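Engineer: My structure is below; once you've seen it, I'll send some questions.
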Amino acid sequence: MGRFLLKRLGLAAITLFLLSVLVFFGAQVLPGNVARRILGPFADQAAVDALNEELGTDQPLLTQYWDWISGLLTGDLGESLALGVPVGELIGDALVNSFKLAALAFVLVVPLAILGGVVAALRRDRLTDRVITIGGLSLAVLPEFVTGIVLILVFGLWLEILPVSANAPPGSGFFTQIKYLLLPAFVLVILLFGYIARITRAGTIEALDADYTRTAVLKGLPRRTVIQRHVLRNSLLPTIAVVATQTGYLIGGLVVVETLFNYPGMGRLIVTASRQKDLPLLEAGVLVVGIVFLVAMLLADLMYSLLNPRIRYSRAE
Amino acid sequence: MTVIEEPGAPILIPTRDEAKIARRERLRLLFRSPTFVIGLVILGFWVVCAIFGTQIAPQNPQADDILNKLAPPSGDHLFGTDRLGRDVLSRVIVGAREILIMAPLATLLGTILGTAIGLATGYYRGFADEASMRLVDALLSVPVIITALLAIVALGPTRITIILVIALVFGMIITKTVRAAVLSERELDYVQAARLRNERGPYIMVAEILPNVTGPIIVEFTVRLGYAIFTIATLAFLGFGADPSIPDWGTDISEHYPFISAGVWWAVLFASLAIASLIVAINLIADAIAQTFER
Amino acid sequence: MDETQHRVDEVRRERSKLENHLIDEYVLGKITRRELVRRGTVVGMSLPLLSFIAAACGGDDDDGAATGTGGTETTATGDVQPGGTIRVALIQPTTEPNPLLVQDEGGAGMLGATGEYLSFSDENLELQPRIAESWEPNEDGSAWTFTIRQGVTFHNGATLTANDVVETFEKLINPDGGSVNAQSALGGVLSPGNTEAPDDATVVFNLDAPNGNFPTLVSSANYNAIIIPADLDPADWGQTFEGTGPFKLQNFSPQVGATFVRNDAYWGEPANPETIDVKFYAEEGPMVVAFQGDEVDFVEHFSVAGGRALLEDPNTQVIAISTATHRQLHMRTDKEPFTDARVRQAIALSIDRAALVDGLWEGRAEIGNDSPFAPLYPSTDTTVAQREQDLDQARQLLADAGMEGFEVQLDTWDGFEIPDLAQLVKNYAQEIGVTVSLKITDAATYYGDGVFGKSTWLDSVMGITDYGHRPVPNVYLSSVYTSEGTWNAAHFKNPQADQLIAQYVAALDVDSQKAAAKQIQELLLEETPVILPYFYNFLSAAKPNLQNAISAATGQFDLSRAGFTA
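Protein sequences appear in the order of chains A, B and C. Under the numbering used here, the first residue of the first sequence carries the number -15, and numbering increases by one thereafter. Under the numbering used here, the first residue of the second sequence carries the number 23, and numbering increases by one thereafter. Under the numbering used here, the first residue of the third sequence carries the number -11, and numbering increases by one thereafter.
The following block contains the structure:
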């Protein structure tokens, strides 16, 4: 168990290191000159050169990389070039916002999808199953701006029951904040439902067909108890794994949703940073998203192996 | 969309003759599946639009009529007009071309790339394999849309850039699947036999193993095709399309989204439905194909 | 002798040459009363004095000035309730709040929220005194003396003196790290070290050359020129938003918004509202939606395209200001296919400007005549014939020049209505047989480094550039149309134009300005290095019960007198 954990941690660390290299050197490819971007096209070339020197962008790349990495490891993420504010603050705020939205989406979609998946499994190949599976699948592949626009039209402008911007007025209570996040959360629910439901369904079917279920039924246990005690626990395993893999996307990939609803999350922060060639913000932002993803994967693997005794004692990978 | 799927379980492939019979069986199964047929019909419709769009479309999709802009659906314009007075119906029909050129191309390139790398790393293993997989994991730990976005900001929003970026990222995903398939194949007898005959590595990979892993590859291709359409449309919506005069569903939606609050729904809804129908169609097809391989 | 006339003579004796010119023109009926007042305030004459002159010297009443300025701020000032919170939607600032670095509308809005200028340029192009109480030129307009208001304090309690003004401008025009915007307005006009404060209440600007429009160049139209404490490093301004205005900063969050509260120690009448709550929006769409959803009361700036819902909504007060904001479609005069002026004229003749104004701008724009002389400038000669669409003549010109049916690429970027304009131009050109292919990128790519050789804007054969509002056309003329102009994307080198432009800039009275303008306008129609199809209005939106909300075409807003009616 311990060896398994260590090995996974090690692999994650290596991946993270590689990511940092990719991010850093990738960002260098972004067009335009850093100081020029900040000062605009009408500034004096001398001023641009001076600013570049001040920012250290004329130093050899490896030196810059080392400065950046060592800074990160000591907790100094640098300062945003465009906004003049410490990067850590900006990312911190955006991360919290992204987590809020992700949390709400999860709270809504997981119970719904599990229910859907289990029901679909229990009514395997009948109409209910087909509707849930195909319907869920079809909704899940729609781009977020399509579902988002439709939801905004229906709930925001025609029925007028939900606000169309995700930002509650400052100082709003908990429930008001939730109300403002509902529409973007619904977009995410639609996106995730089909996939999670399908995995749950598959897991449930496997559990239903398994020996221990048959044994329990033969033992005379009522169907409901069988489901609750044996089937559910085993069908949840893949669900957990899937939920974890979605975390990375939910934290950094919501660019479209955040744009539609004017929500200041990580996705939008990264896009803004890339457009303005705000390197410190961009690099730190992408790295943070990667970290969140890898941590989530690690936790998922951990939970999976903890819950599934078969894996616990076998060799990793 | 959202997920980096874990590679599927290895597939037991029968010998050559049985394979041919199985293939025919599979096709028959496919056409009996209602979802497959529906998907094929919808896809077929859009392919026809892509090829014959300019002949089918009632009006010139680029002809502006600025004084008649944003007009609701009427007899003259079944889907209304857009912000420059152009006929929305014509733009939706002709708009199929852009996406149906870019997405399959990107997916094909990605599949070729992913297959090549997957074969190589799966067969040779060793340090290069471990290293590449770490690299792939690193690349995939960032959401696809972010990677694509950054590449476009870096290299400019041209069609080529978009195609190459998507090919690269999807290639990485496909690599994992192909690699997993190869891993199980390489232990089988026919591979050992080929090695004993002193066949070279590349020959074994391409001539022996590859034909036996076409199943997962085809499934991956169709699934990724759906994702490619999704991603390209999303990128266009975020404003990374190329020339806005060329009809393109994602770009047209992006340009007319602000008008929703003015009650102008037609410039957005029809293009959205077009994207939705195309993606759903491809996914129905992909799902049906995957199921035939699973039996 | 008439008592009034005696007094008028006395007044005139004390006035400078510049001011007397103005009075002469009014007496001779060459300018209307309105123009007298406008030009007079710019030159530094007080309103009471101007009313006296206007009344005493007869002259023409308002004869319908060329520009209909459209609904300014709203009607009655009565019935406005004191206090309250006004919520404002503002486009996201793209730079940090540093008076030297701000180059965008959102940033300008932030500067003007708490900062104050020497004077405020209103929608009639008149200058209202703020930190400066009055100003006047010397004999020939080569030095301007500003009297600084006493008893003005910064939000931190420090008293404002003339020295703060001097230091503010020195920082702005400092060649080693000043404000790019300020330098483009004051380059060649005011040099470092030539501003002095003989005492705490006086500032003297010694100009490089006589300039009749100088006060406008240091007013709120130069939006970086808020007066800040001499000892404050502009890079630190964002921490406190230090200023002297009727509102002070409560808090600021770079990606979200800012809150301002009434400054009870303001030198003037205290602001009416208690709080101003500004929210930033990355794009226009969410802004409009927020306004309709009653999440904000005032939208600082919206466009015709993006704010269609607002224009059609009877429940929205649309505030429109006539401006000189425009687009320039340049054609390189030194490169094929545009070396022949006939080809350039042909393209210009293919464009249906009336359709652009009505279709693209819903009528909220004025037709341009391919020169930067906007209808709202008093120096614009309105007798010059307006170019209109004429496809037949266009085709004929192309045939004469032997250039029938060529291809050309148009470069531009994707902001505002520019992509729409580009597509329409493409279609117009198609009608006369010219194939235009569009390459539309983003602003940073299009502008590049802003110098020849490193900027698509300045190197492209054909391109569309956006120009913000300026209260006088000097900058447009000198930077775009002169042979050495740094913004001369058309590479237009015409000695006669250079001479006429120099004449215009040096002219101190409206008459000679107009004379030079007429010649420039006609020359530009002949040569057409640049097509200038329209000047569009600056639109803001307010809730129907919000009165007295004022916007400036540069992005600042003035809500000190604003409030809600019951």
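For glycine and all other residues, C-beta sits at the position ideal for the given N, C-alpha and C. Quick caveat, the model's predicted, so the values are computed rather than measured.
B:ASP104 by DSSP, collapsed to three states: which one?
Structural biologist: coil
Engineer: Sort C:GLU324, C:ASP67, C:VAL(-1), C:VAL25 by Cα distance to C:GLU554 and report the nearest one.
Structural biologist: Looking at the sequence shown, residue 554 of chain C is not Glu but Ala. Selected option, being the one with the closest Cα: C:ASP67.
Engineer: Given C:ILE420, which residues of its chain have a CB within under 7 angstroms of its CB, disregarding the five upstream and five downstream residues?
Structural biologist: Taken in chain order, the residues that qualify are ALA334, SER338, LEU379, ALA382, ARG383, LEU386.
Engineer: Rounded to whole angstroms, how far is the Cβ of A:LEU3 from the Cβ of B:SER163, which I believe are closer than 8 angstroms?
Structural biologist: 6 angstroms
Engineer: With three or more beta-carbon pairs closer than 8 angstroms as the criterion, would you say the stretch 167 to 187 of chain C touches the stretch 72 to 80 of chain C?
Structural biologist: no
Engineer: Could you list the residues in the stretch 300 to 322 of chain C with a C-beta less than 7 angstroms from some C-beta on chain B, going in chain order?
Structural biologist: GLU300
Engineer: Name the chain A residues that come within less than 8 angstroms of B:ARG156, Cβ to Cβ?
Structural biologist: LEU(-5), ILE(-2), THR(-1), LEU2
Engineer: Grab the span of the alpha helix (DSSP H) containing B:HIS278 for me, first residue to last.
Structural biologist: 271 to 278
Engineer: Name the DSSP beta bridge partners of C:ALA308, please?
Structural biologist: Residue pairing of C:ALA308 in beta bridges, as defined by DSSP: C:LEU527.
Engineer: At what residues does the beta strand (DSSP E) containing C:GLU395 begin and finish?
Structural biologist: For C:GLU395, the enclosing beta strand (DSSP E) begins and ends at 395 to 401.
Engineer: State the DSSP-derived secondary structure class of C:ILE538, mapped to helix, strand or coil.
Structural biologist: strand
Engineer: If we count the other Cβ atoms within 10 Å of its Cβ and call it buried at 16 or more, is B:VAL70 buried or exposed?
Structural biologist: When all chains shown are included, B:VAL70 counts as exposed.
Engineer: Using a Cβ-Cβ cut-off of less than 8 angstroms, list which residues of the stretch 382 to 409 of chain C approach chain B; keep chain order.
Structural biologist: ASP402, PRO407, ASP408
Engineer: For C:PRO274, decide whether its Cβ has a neighbour in chain A, counting only Cβ atoms nearer than 9 angstroms.
Structural biologist: The beta carbon of C:PRO274 falls within 9 angstroms of a beta carbon belonging to chain A, placing the residue at that interface.
Engineer: How far does the beta strand (DSSP E) with C:TYR269 in it reach, from first residue to last?
Structural biologist: 263 to 269
Engineer: Alpha carbon to alpha carbon, what distance is there between B:PHE315 and B:ARG48?
Structural biologist: 8 angstroms
Engineer: Taking B:VAL63 as the query, report the chain A residues whose CB atoms sit under 7 angstroms from its CB, ordered along the chain.
Structural biologist: Within chain A, no C-beta atom comes less than 7 angstroms from the C-beta of B:VAL63; the nearest is roughly 15 angstroms away.
Engineer: Determine the chain A residues that contact C:SER443 at a beta-carbon separation under 7 angstroms, and present them in chain order.
Structural biologist: Neighbours of C:SER443 in chain A, taken as residues whose beta carbon is under 7 angstroms from its own, are PRO25 in chain order.
Engineer: Give a yes or no on whether the C-beta atoms belonging to C:ILE79 and C:GLU283 are separated by under 9 angstroms.
Structural biologist: no
Engineer: Whose Cβ in chain B lies nearer than 9 angstroms to the Cβ of C:THR429?
Structural biologist: Per Cβ cutoff of 9 angstroms: GLY178, PRO179.
Engineer: By the three-class DSSP mapping on this structure, what secondary structure does C:PHE229 have?
Structural biologist: coil
Engineer: Tell me, please, whether the CB atom of B:ALA284 is closer than 9 angstroms to any CB atom in chain C?
Structural biologist: yes
Engineer: Any contact between the stretch 111 to 123 of chain B and the stretch 270 to 288 of chain B? By contact I mean 3 or more CB pairs, one from each, below 8 angstroms.
Structural biologist: yes
Engineer: Around the Cβ of C:LEU16, are there at least 16 other Cβ atoms within 10 angstroms (buried) or fewer (exposed)?
Structural biologist: exposed
Engineer: Report buried or exposed for A:LEU238, applying the criterion of at least 16 other Cβ atoms within 10 angstroms of its Cβ.
Structural biologist: Buried, because 16 or more other Cβ atoms sit within 10 Å of the Cβ of A:LEU238.
Engineer: Which residue wins for smallest C-alpha separation from C:ALA185, given the options C:ALA170, C:MET98, C:LEU148?
Structural biologist: C:LEU148
Engineer: Which chain B residues are close to A:VAL241, counting only those with a beta carbon under 7 angstroms from its beta carbon?
Structural biologist: Within 7 angstroms Cβ-Cβ: nothing; A:VAL241 doesn't reach chain B, min ~11 angstroms.
Engineer: Which residues in the same chain as C:GLN374 place their Cβ atom closer than 6 angstroms to its Cβ, once the five residues preceding and following it in sequence are excluded?
Structural biologist: ASN357
Engineer: Using only the alpha-carbon positions, how far apart do C:ALA211 and C:ILE538 sit?
Structural biologist: The sequence shown places Tyr at residue 211 of chain C, rather than the Ala named in the question. Straight-line Cα distance between these residues: approximately 15 angstroms.
Engineer: Give a yes or no on whether the minimum CB-CB distance between C:ALA131 and chain B is below 9 angstroms.
Structural biologist: Output row for C:ALA131: interface = no.
Engineer: Give me the residue from C:VAL413, C:PRO366, C:ALA297 with the minimum Cα distance to B:GLN84.
Structural biologist: Residue C:VAL413 is the option with its Cα nearest to B:GLN84.
Engineer: For A:PRO248, decide whether its Cβ has a neighbour in chain C, counting only Cβ atoms nearer than 9 angstroms.
Structural biologist: A:PRO248 belongs to the set of residues whose beta carbon lies under 9 angstroms from a beta carbon in chain C.
Engineer: In terms of residue numbering, what span does the beta strand (DSSP E) encompassing C:ARG75 cover?
Structural biologist: 73 to 79
Engineer: Measure the C-alpha to C-alpha separation of C:LEU298 and A:ALA280 and round it to an integer number of angstroms.
Structural biologist: 45 angstroms
Engineer: I want to verify the contact list: residues of chain B whose CB lies under 9 angstroms from the CB of A:ARG108, in sequence order.
Structural biologist: The premise fails here: A:ARG108 is roughly 14 angstroms from chain B at the closest Cβ pair, so nothing lies under 9 angstroms.
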